[in-house]
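Asks:
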Amino acid sequence: MHSPWVLPLLEKLGALQWRKIVHGNQGWRLVTANWLHVGLIHLVANMLSLVLIGIRLEQQFGFLRVGLIYLLSRFEGSILSSLFLQNNISVGASGALFGLLGTMLSELITNWTIYSNNVNKIPFYRYDKV
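If you're matching positions, the sequence shown starts at 1 in UniProt numbering and goes up one per residue.
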């Protein structure tokens, strides 16, 4: 459990709250909540995930495309989070990370034949045909 001062601080800094976005005309919370994290472990986990996923995607698609996907996913994740968690507050960039993971999955499915033909070339992969 977090300290009693954490939730009020996150609310003041711009955490997602459906009630404040819809009834309080605070749409800016859809942007600010992605920059807030609940603790160092949350921040490090998101940053590490972003580096591991982002480097791979940036090599394949370039900085501008990955940046656009990240920004759109971040905004859409904020909208969905505020809709589905109406009685709670929400912070973090998980929506953006899931958007990048979805991009990776889409690329994997699209190019499946390229990857499946090369999987036997991986030294530690053992494929026994029956």
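Beta carbons are placed, not taken as given, at the ideal position from N, Cα and C, and that holds for glycine.
Would you mind working out which of 28, 77, 51 sits nearest residue 12, comparing C-alpha positions?
Replies: 28
Asks: Spatial neighbours of residue 7 within its chain, please: C-beta separation below 7 Å, excluding the five flanking residues on both sides.
Replies: 89
Asks: Tell whether a beta-carbon distance below 9 Å holds between residue 37 and residue 95.
Replies: With contacts defined by Cβ atoms closer than 9 Å, residue 37 and residue 95 do not form a contacting pair.
Asks: Give a yes or no on whether the C-beta atoms belonging to residue 103 and residue 66 are separated by under 9 Å.
Replies: yes
Asks: What are the residues that DSSP puts in a beta bridge with residue 16?
Replies: Bridge partners of residue 16 according to DSSP: 90.
Asks: Once the 5 residues before and after residue 58 are set aside, which same chain residues still bring their CB inside 6 Å of it?
Replies: 66
Asks: Straight-line CA distance for residue 85 to residue 98?
Replies: 17 Å
Asks: Ignoring anything shorter than 3 residues, give me the beta strand (DSSP E) runs that lie fully in the UniProt domain "Peptidase S54 rhomboid" (25–121), in order along the chain.
Replies: none
Asks: Is DSSP giving residue 4 helix, strand or coil here?
Replies: coil
Asks: What residues in its chain sit with their C-beta under 7 Å from that of residue 20, if we drop five residues either side in the sequence?
Replies: 26, 29, listed in sequence order.
Asks: Please go through the same chain and pick out, in chain order, the residues whose beta-carbon is closer than 6 Å to the beta-carbon of residue 18, but skip the five residues on each side of it.
Replies: 82, 86
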